[in-house]
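J.: One line per chain: the protein sequences are A, B, C, D, E and F, in this order.
Under full-length UniProt numbering, the first residue of the first sequence carries the number 1, and numbering increases by one thereafter.
Under full-length UniProt numbering, the first residue of the second sequence carries the number 1, and numbering increases by one thereafter.
Under full-length UniProt numbering, the first residue of the third sequence carries the number 1, and numbering increases by one thereafter.
Under full-length UniProt numbering, the first residue of the fourth sequence carries the number 1, and numbering increases by one thereafter.
Under full-length UniProt numbering, the first residue of the fifth sequence carries the number 1, and numbering increases by one thereafter.
Under full-length UniProt numbering, the first residue of the sixth sequence carries the number 1, and numbering increases by one thereafter.
Next up is a structure, given as structure tokens.
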Amino acid sequence: MSGTTTAVDTDGDRAETYTASVVGGTGFTGGELLRILASHPNFEVVQATSRSADNMTVGRSHPNLRGLDLRFSDPDDLESVDVLFSATPHGVSMGRVDEYFEVADTVVDLSADFRLPEAEAYDEWYDGHESPEYLERAEYALPELNRENLPGADLIAGGGCNATATILGLKPLVDAGVLGPETGEVVVDVKVGSSEGGASGGAASSHPERSGVVRPYAPTGHRHEAEIEAYLGLSVSFTVHAVDMVRGASATCHVFPDEPVSKADLWKGYRGAYADEPFMRVVSGGGGVYRYPEPKSVAGTNHGEVGFELDPGNRRVVVFSAIDNMTKGSAGQAVHAANVALGLPETAGLEFGGLHPVGSP
Amino acid sequence: MSGTTTAVDTDGDRAETYTASVVGGTGFTGGELLRILASHPNFEVVQATSRSADNMTVGRSHPNLRGLDLRFSDPDDLESVDVLFSATPHGVSMGRVDEYFEVADTVVDLSADFRLPEAEAYDEWYDGHESPEYLERAEYALPELNRENLPGADLIAGGGCNATATILGLKPLVDAGVLGPETGEVVVDVKVGSSEGGASGGAASSHPERSGVVRPYAPTGHRHEAEIEAYLGLSVSFTVHAVDMVRGASATCHVFPDEPVSKADLWKGYRGAYADEPFMRVVSGGGGVYRYPEPKSVAGTNHGEVGFELDPGNRRVVVFSAIDNMTKGSAGQAVHAANVALGLPETAGLEFGGLHPVGSP
Amino acid sequence: MSGTTTAVDTDGDRAETYTASVVGGTGFTGGELLRILASHPNFEVVQATSRSADNMTVGRSHPNLRGLDLRFSDPDDLESVDVLFSATPHGVSMGRVDEYFEVADTVVDLSADFRLPEAEAYDEWYDGHESPEYLERAEYALPELNRENLPGADLIAGGGCNATATILGLKPLVDAGVLGPETGEVVVDVKVGSSEGGASGGAASSHPERSGVVRPYAPTGHRHEAEIEAYLGLSVSFTVHAVDMVRGASATCHVFPDEPVSKADLWKGYRGAYADEPFMRVVSGGGGVYRYPEPKSVAGTNHGEVGFELDPGNRRVVVFSAIDNMTKGSAGQAVHAANVALGLPETAGLEFGGLHPVGSP
Amino acid sequence: MSGTTTAVDTDGDRAETYTASVVGGTGFTGGELLRILASHPNFEVVQATSRSADNMTVGRSHPNLRGLDLRFSDPDDLESVDVLFSATPHGVSMGRVDEYFEVADTVVDLSADFRLPEAEAYDEWYDGHESPEYLERAEYALPELNRENLPGADLIAGGGCNATATILGLKPLVDAGVLGPETGEVVVDVKVGSSEGGASGGAASSHPERSGVVRPYAPTGHRHEAEIEAYLGLSVSFTVHAVDMVRGASATCHVFPDEPVSKADLWKGYRGAYADEPFMRVVSGGGGVYRYPEPKSVAGTNHGEVGFELDPGNRRVVVFSAIDNMTKGSAGQAVHAANVALGLPETAGLEFGGLHPVGSP
Amino acid sequence: MTTDTEPVLAEDPITGEEIELPADVEVGEIIDSPVTGTELEVISLDPVTLEEAPELEEDWGE
Amino acid sequence: MTTDTEPVLAEDPITGEEIELPADVEVGEIIDSPVTGTELEVISLDPVTLEEAPELEEDWGE
Ligand SMILES: NC(=O)c1ccc[n+]([C@@H]2O[C@H](COP(=O)([O-])OP(=O)(O)OC[C@H]3O[C@@H](n4cnc5c(N)ncnc54)[C@H](OP(=O)(O)O)[C@@H]3O)[C@@H](O)[C@H]2O)c1
Ligand SMILES: NC(=O)c1ccc[n+]([C@@H]2O[C@H](COP(=O)([O-])OP(=O)(O)OC[C@H]3O[C@@H](n4cnc5c(N)ncnc54)[C@H](OP(=O)(O)O)[C@@H]3O)[C@@H](O)[C@H]2O)c1
Ligand SMILES: NC(=O)c1ccc[n+]([C@@H]2O[C@H](COP(=O)([O-])OP(=O)(O)OC[C@H]3O[C@@H](n4cnc5c(N)ncnc54)[C@H](OP(=O)(O)O)[C@@H]3O)[C@@H](O)[C@H]2O)c1
Ligand SMILES: NC(=O)c1ccc[n+]([C@@H]2O[C@H](COP(=O)([O-])OP(=O)(O)OC[C@H]3O[C@@H](n4cnc5c(N)ncnc54)[C@H](OP(=O)(O)O)[C@@H]3O)[C@@H](O)[C@H]2O)c1
Ligand SMILES: [Zn+2]
Ligand SMILES: [Zn+2]
């Protein structure tokens, strides 16, 4: 197993450098991982795998990585590294996890394979689990939810992007006791961009069919409900729509608290929850064009924005939560969790703050 | 007042022709009215007004109407016509309605000025009403809701686009007794295109700022709630988001019936409600790319699509409703209502069935 | 072979009705043909073929045709019709044309298979021709170019969309003698929408990769050069870019006449060329937002717009030409040509005038 | 005048830190300057001015800068700084340049006010010049063209975005002698995004009108021709189209060399020209989706991509050049030039490498 | 629409309505209901019996 | 950030937190809260008192 190397950085300081590889390097989240790791001060990329583009340059798949001197390798020829990131479709990692631990000390998986704590949940929501013995060992990646358990974790399970947006939006209400398993209906109406579908999209994701849509793509029964239930203890009414953007997931949560809450309460709860979080912002009202959370404001970044509004009668709290599914919703979250796990500065490699104006990010 | 003329159509038949003018002809819905009326077999356009483009050709504002030999006239110089369509911002028609009836037998107003039946509602949701005496006389335009009261009506109030989408989606549930004032929360989460803001948009509707958004633009307190309450008898939790399309309004309604319903019940209710409606389609599940209602499927047309899905536990009904805000949500609805009011074929002038593929319509 | 039926139209007149089928009915241009034919007063659709969706409803592929009571049939089970439209990829029709004439009196082919008059051109630009004996019999569909040869034609070859835009833009200059084979360089820089790639697009046409592009997709050597050369007698420097729209082809032609021309000359030439054309408009300068031809102005219609501007020194004429590739650039052009061939009113079935505003059409 | 401070960076090294302000901070390029400067290791932002948003937070205009603790100040209350960046509309800086030099050692202007070397050119292309005495002192910002004159320059004039794209594309041909003042026509056909119009856009840049366009917005007579002539010595035939993206400028240059060139010649010329340039990439052919330069590949970055293709007969060279107008085309170029002028590492503050996938950037 | 062979009739399994199917449907074929659009599997012929086809989620989803 | 004059302190009317405002704020001026982004009206100076500014809905909406 590869030992942790101690590198000398450009300023002459000594800093930890970890070697890392990415399984699923031609994919969208795999490409995003490579982008982040390649300019991360504490990681050195060793391999990126692909079956379909074996031996091709990484820049051929990801034009933003044309400067990277790296070619895809076969996923069956993994070299020893400190950290192995896997960004494959659901079901792949659960079959290869033993193998992964043979070559790596730490495994960070972006698929759903290790997200749910109970094997039964995989029977209910997926097609069962091949390696249930790893489920207890796995830590959910989202630091805003699970920071205390990440240091030293060696199997990290990246959250689902829609689940992440929802959890970030609702957690402060749960923590404040405004929302709990006994509260009435919680409706979560999600809007997502086309990158959520991955790089291998079919007919529905072709440009002529996918442009300009508001398309109910998961009307009910979306698997991310299971994650939300597992980590917030809430059963939510979940519906996902495809809209015309490439990056972004936006969750609008409609909550009906038992007790009336005030705007000041909400400000206090949300500010309190996220004051020390390096990537979270509360955006709610105000002037100008960008008054509530929206994916454009966080596109390309690891930031999450949350905000809220009250119905005139204070009967309903509407919570808005916006992330970039490729960063905070997957690759960025994964690196953030790895930073915490390895004791690195939390924001290392994730400093990019986004652009304005930006189109459909 | 202009008498109804009897014209000879191209085939040598005799058919009713009504003269019509459009106040607010440079606007988006005004342009759409002109488009529909110009190729309507029973209407002859007399005037289109504009203060800002007085004497300019209509085609200068609306490139699709370059073939129309018509120039804008001053809104203060209205000629006598059979039907006057008004497509001005809220507040204009209520101040000019006496004047309108001096030149026209029938007034069809697309603004909110005559939509609500009670003057008090204008105090609550708007800034009061200048001509409350007209409120009783006004008929709500939506034929699917109010067909029986339209024949002979002389003041017709076009519905709001978001309200129209919502009402079309929920009415079958109300009629079937699945949903009523006593039912629990009804969450209506709406996504709309940029044409809803009209032609005079400010900073937030500039292309760089508006492209690719999922932007909560009416988090709570949207005025269309008043219409829904007035016509469906339901108080709904209403939130509107701007998304990246130009035409289209899509309402996702989350309903929690007291009694369990089945998919067969829902099919029966929706099919029954809309079987005889010339413009309504039930689209729910099935194969291919377009499995639920979406604005792309109805873009440019006067059609509305509704569909539904049930949560696995049958606890929640999710209703999807999609219209084009410029047609079914305003100008098309207005002409449809005028057709009914005047005894013309309902679909006259509204036959266009839409395009595939179409981008952001 | 199916005899021409004589139908009685809704007004009690007698009018010709022709039976028609569409080979390639799941495709984009096939769907557009079905849309046009289904509401065409003189056509009755008999069959639409598909190998992949045999027996499925047409509305499953094309949501705008949900009202059409028609299922796809196998392309090997063609029934007798008056007119057979074929909208298959290049190479299919040349192999089946004998078969087509066994079931139909008139064949209208939208592919490139019969567009070029000389078999040698197929050797040079394509992979040769299987049925060169039909090339002389075929008539190029574009009425603005070839109207006089269409009446009675029984094999009609629809033009390429980029070639159509270019030919419509340059023909008036050729006719006016401003441009000829001896003139210097003619640069044609084309921008097209994603529907041009057809319904079966690969990775490059997925929404995440195709959104927001300005992508040189045919830098040089585009096959439509051959058509332009064949029908205008000009060798042009041709480059095609993919841009973010679904429908539309826009050709910008940069011409350097030997002799100086004036704006008045140009107006005279273009107005003269297209004054009697039911689908052509000259748009050049003026006020408002839409001052030159653009695809948005003609989206969904069979219209073409052309316009021009002169360099300050009158050295260069820039010609702009915009069409919808799905209508004027393919299916609309085909029906227009069929109308002429059969002696029907030219605009029959093609009256839709477009929308404003419209997004990415 | 503010003296250069010597700061201690986070690693304990000593590094230069320069104070800087931005005039026109609410604008698009002003916001981009603030974004870059705020995370630039050698700059400290002192002021950002606005007349319309005086005292408001910078994050209210630019949501990506919400973390920045800065409020707009009045442009009339400029404090002393090392470097003053001005991002105002054409005509403002030429009237205030004396004042600027009273508060700053170095002035970097992004407008056209100091771009052209000759006062006469301002009479011809603009409305004359108020401070022609500064024209000689000004250095054109583009390092790829003018690196040798930038060190120590105290008045730097940022290039026009379309001119920048064109110059970057054609310069290697000029240097290689393939292209010169005597060569025949050079057609430059440009496609740009909506951010090029700045934050104050009118009716034509509203989302409904601007979405999905291919709109000739500068058919002939574009002012950037003057810059290209001044810096490449070429008179080009220049046409600019607005297309549906927010960021990006793409120039397609059609060149007809007197002598035949080969692809190998072109590769040699372009690779040679840009081998040592930190921001330039040659992209020409190859596999995958991104085979030629396109704005998506460089969106958000200071990179420029150039590529080329030959007509079959080697008669024409087509050159493609793509930049982000907000970075390489304005703010990034300005900071790059300031880096060179001040002797800082060229890429400081400009390391962001872009995203994949990205929508309409 | 003219066809050589007459359409066959069947019962829509969701709404119970009578629907028309092409004459050449085969057992195992997936065909969409003209009433609901739902994909139906042909379970038997003579009479034609239909059943809701298992949904191919992955086919469509993101 | 260097400024000639020191920022003034005030209480955010929504959260009660202490916030910094530019030295030159005037009565009647609308200024956004650095905490919540809400637009606040300066009601009085010395000490600076703030109130939520009436929302200009039309300014933004569609
Ligand atoms: N996209 C998102 O927004 C998002 C957000 C959160 C989580 N996720 C999760 O992240 C994972 C990847 O998503 P994605 O969107 O990046 O998918 P993607 O674009 O489809 O990429 C999948 C990658 O996995 C590789 N791959 C597929 N099957 C494999 C196998 N059997 N063995 C090895 N490699 C295999 C593919 O490359 P080759 O075929 O070339 O080998 C490709 O590089 C999924 O589990 C997804 O649920 C995605
Ligand atoms: N857009 C939609 O989707 C939609 C849907 C349903 C209902 N509506 C309602 O329809 C109405 C029009 O909406 P729109 O989107 O078409 O708005 P718009 O594009 O802004 O057009 C407004 C029109 O009214 C004219 N106008 C403004 N003030 C006037 C006055 N005082 N007297 C006479 N004419 C005046 C304007 O032209 P000049 O300034 O040139 O005179 C313009 O032609 C609104 O009440 C809106 O709520 C709109
Ligand atoms: N798209 C445009 O803008 C445009 C413009 C001008 C001309 N054209 C030309 O029009 C033709 C069709 O283009 P498109 O864009 O509509 O393509 P498309 O969307 O890919 O459709 C092709 C159609 O042909 C069918 N098909 C394919 N191979 C076949 C075969 N061997 N036998 C029978 N049917 C076959 C396909 O359906 P099944 O696989 O289900 O049978 C499909 O319905 C092409 O030749 C194209 O060059 C297109
Ligand atoms: N956009 C591009 O892609 C691009 C590319 C290359 C070069 N440029 C050039 O860069 C300059 C700025 O372009 P932009 O797109 O950023 O424009 P913009 O978005 O319209 O911004 C202009 C800025 O200047 C301020 N301003 C206007 N008039 C002023 C005056 N008289 N005194 C002081 N401040 C004034 C405005 O703010 P207040 O009104 O609040 O003071 C605003 O902050 C222009 O000269 C443009 O030609 C732009
Ligand atoms: Zn798009
Ligand atoms: Zn767009």
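Yeah, the Cβ is synthetic: ideal placement off N, Cα and C, and Gly gets one too.
All values derive from a computational prediction rather than experimental measurement.
Between the stretch 212-236 of chain D and chain C, which residues of the former have CB atoms less than 7 Å from a CB of the latter, in chain order?
T.: Within the stretch 212-236 of chain D, the residues whose Cβ lies closer than 7 Å to some Cβ of chain C are Gly212, Val213, Val214, Arg215, Pro216, Pro219, Thr220 and Gly221, listed in chain order.
J.: Looking at ligand 7, does it come within less than 7 Å of Gly180/D, judged from the CB to the closest heavy atom?
T.: Ligands displayed in this structure: ligand 1, ligand 2, ligand 3, ligand 4, ligand 5 and ligand 6; ligand 7 is not among them.
J.: Taking 7 Å as the cut-off, is the CB of Thr239/A close to at least one heavy atom of ligand 3?
T.: No, Cβ of Thr239/A sits at least 7 Å from all heavy atoms of ligand 3.
J.: DSSP on Tyr126/D, reduced to helix/strand/coil?
T.: Here Tyr126/D sits in coil by DSSP.
J.: Residues in the stretch 57-83 of chain A with C-beta within 8 Å of chain D's C-beta atoms, listed in sequence order?
T.: Taking 8 Å as the Cβ-Cβ cut-off against chain D, the residues of the stretch 57-83 of chain A that qualify are Arg60, Ser61, His62, Pro63, Asn64, Leu65, Arg66 and Gly67.
J.: Listing by chain order, which chain C residues have their CB less than 8 Å from the CB of Lys191/D?
T.: Within 8 Å Cβ-Cβ: Lys191, Val214, His241 and Val243.
J.: With 9 Å as the limit, tell me which residues of the stretch 264-275 of chain D have their beta carbon closer than that to any beta carbon of chain A; keep them in chain order.
T.: Against chain A - using a Cβ distance shorter than 9 Å - the stretch 264-275 of chain D contributes no residues.
J.: How about Thr252/D and Asp175/D: are their beta carbons less than 8 Å apart?
T.: In this structure, Asp175/D does not lie closer than 8 Å to Thr252/D by Cβ.
J.: Measuring alpha carbon to alpha carbon, tell me which residue in Ala273/B, Arg35/B and Ser50/B is nearest Leu173/B.
T.: Answer by Cα proximity: Ala273/B.
J.: Following the continuous alpha helix (DSSP H) through Tyr134/D, name the residue where it begins and the one where it ends.
T.: Premise fails: Tyr134/D is in no alpha helix (DSSP H) and is neither H nor E.
J.: Less than 8 Å between the C-beta atoms of Arg215/C and Ser194/C, yes or no?
T.: The answer is no: Cβ separation not under 8 Å.
J.: With a threshold of 8 Å between beta carbons, is Gly37/F in contact with chain A?
T.: Judged by the 8 Å Cβ criterion, Gly37/F is in contact with chain A.
J.: Using a C-beta to C-beta distance shorter than 7 Å, which residues of chain D count as neighbours of Glu259/C?
T.: What Glu259/C touches in chain D: nothing, since even the nearest Cβ is about 16 Å away.
J.: Taking 7 Å as the cut-off, does the CB of Asn325/A come closer than this to any heavy atom belonging to ligand 1?
T.: Under cutoff, so the answer is yes.
J.: Taking Cβ positions only, does Val289/C come closer than 8 Å to chain D?
T.: Val289/C counts as touching chain D.
J.: Assign His254/A to one of three DSSP states: helix, strand, or coil.
T.: If DSSP states are grouped into helix, strand and coil, His254/A belongs with the strands.
J.: Based on the DSSP output, what are the partners of Ile31/F in its beta bridges?
T.: In the DSSP output, where bridge partners are listed per residue, Ile31/F has Leu40/F.
J.: May I ask which residues mark the beginning and end of the alpha helix (DSSP H) holding Phe96/C?
T.: Note that residue 96/C corresponds to Arg in the displayed sequence, not to Phe. Looking at the DSSP string, the run of the alpha helix (DSSP H) that includes Arg96/C is Val92 to Val103.
J.: Compare the C-alpha of Gly287/C against each of His40/B, Arg60/B, Asp98/B and Ala334/B and name the closest.
T.: Looking at the Cα atoms, Arg60/B is the closest of the given residues.
J.: Return the first residue and the last residue of the beta strand (DSSP E) that Phe43/A is part of.
T.: It spans Phe43 to Ala48 - the beta strand (DSSP E) in which Phe43/A sits, taken as one unbroken run.
J.: If we cut at 8 Å on Cβ distances, does Pro13/F have a partner in chain D?
T.: Chain D, which has no Cβ nearer than 8 Å to the Cβ of Pro13/F, makes this no.
J.: In or out: Thr327/C buried (at least 16 other Cβ within 10 Å) or exposed?
T.: So Thr327/C ends up on the buried side.
J.: How is the alpha helix (DSSP H) around Tyr274/A delimited, first residue to last?
T.: First-last of the alpha helix (DSSP H) with Tyr274/A: Lys263 to Tyr274.
J.: DSSP three-state call for Thr17/C: helix, strand or coil?
T.: Strand.
J.: Indicate whether Gly25/A and Ser52/A have their beta-carbon atoms separated by less than 8 Å.
T.: No; because the gap between Cβ atoms is not below 8 Å, this pair is not in contact.
J.: Does any heavy atom of ligand 3 sit closer than 7 Å to the C-beta of Pro89/C?
T.: The answer is yes for Pro89/C.
J.: Quick one: any contact between the stretch 131-149 of chain C and the stretch 105-123 of chain C, if contact means 3 or more CB pairs under 8 Å?
T.: These segments touch.
J.: What residue range does the alpha helix (DSSP H) around Leu170/C cover?
T.: Unbroken alpha helix (DSSP H) run through Leu170/C: Cys161 to Asp175.
J.: Sorted by chain position, which residues of the same chain lie with C-beta nearer than 8 Å to Ser151/B's C-beta, five sequence neighbours on each side aside?
T.: Here residue 151/B is Pro; the residue named in the question, Ser, does not match the sequence. Counting only Cβ-Cβ distances below 8 Å, and skipping sequence neighbours, we find Val340, Ala341 and Gly343.
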